[in-house]
Amino acid sequence: MENSEKGKARRIFENLKDRAQKLINNPEKTKDVIQQAKDKSFKNEGPLSEVWHELQLMFSMVRDWVRGDYRRAPRGSIIAILGGILYLLMPLDAIPDFIPVAGLIDDVYILNLVIKQVRSDIDDYKAWLSNDSAE
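Heads up, the sequence shown is in our numbering, so the first residue is 8 and it goes up one at a time.
This is how it looks when you write it as structure tokens:
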């Protein structure tokens, strides 16, 4: 991915975080967005393989956060995750998704950025899931 595409992807992502900040206040709409992104991720599992496991955890984490079941993650982390999820849903982003093979490269790039930003929160959530299922 070229630097100009990376820059464009980052700018789009930053704008989407503003949208995510508003979205987080609407639990029903947030659940719809998560479901749409989950559906898209299953249709594109191969191209998303690099971030697949963390992406599924982030879907679950946001869902649990919005429901109020898990509130340990800071609001800013949830907003960053939602921004990345909104980016995944955008068909016309830095590299349009309809371009075979290359179309999801920028999505994986942005999702990797989000994962790096919220890594400790994802790890805490995994631990919470493990403790919750052990009880």
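Built from N, CA and C at the ideal position, the CB exists for glycine as well.
On a predicted model such as this, the values are computed, not experimentally measured, just so you know.
Buried versus exposed call for residue i [16 or more other C-beta atoms within 10 Å across all chains shown]
i	result
I106	exposed
A109	exposed
L55	buried
A101	buried
D128	buried
is_contact[residue i, chain C] using C-beta, thresh 8 Å
i	result
K36	Chain labels in this structure do not include chain C; a single protein chain is all it has.
Euclidean distance between Cα positions of residue i and residue j
i	j	result
K5	N138	Residue numbering for the chain in the displayed model covers 8 to 142; residue 5 lies beyond these limits and cannot be assessed.
E57	N51	12 Å
G53	K47	12 Å
N32	I92	16 Å
L62	G14	22 Å
K45	R18	23 Å
E21	V125	15 Å
Run of the alpha helix (DSSP H) containing residue i, from where it starts to where it stops
i	result
S67	59 to 74
R26	10 to 30
D100	From DSSP, D100 is part of no alpha helix (DSSP H); its letter is neither H nor E.
E52	Counting along the chain, E52 falls outside any alpha helix (DSSP H), and DSSP gives it neither H nor E.
Candidates the options, of which the one nearest residue i by Cα
i	options	result
W59	L95, L136, W135	L95
Y132	K36, D71, A16	D71
Exercise. Using 8 Å as the threshold, is the segment 82 to 92 in touch with the segment 120 to 127, meaning 3 or more CB pairs across them?
Worked result: yes
Exercise. At a cut of 8 Å, does the segment 9 to 29 reach the segment 69 to 80 through at least three beta carbon pairs?
Worked result: no
Problem set entry | Cβ pair count under 8 Å reaching 3, the segment 22 to 42 against the segment 65 to 74 | yes
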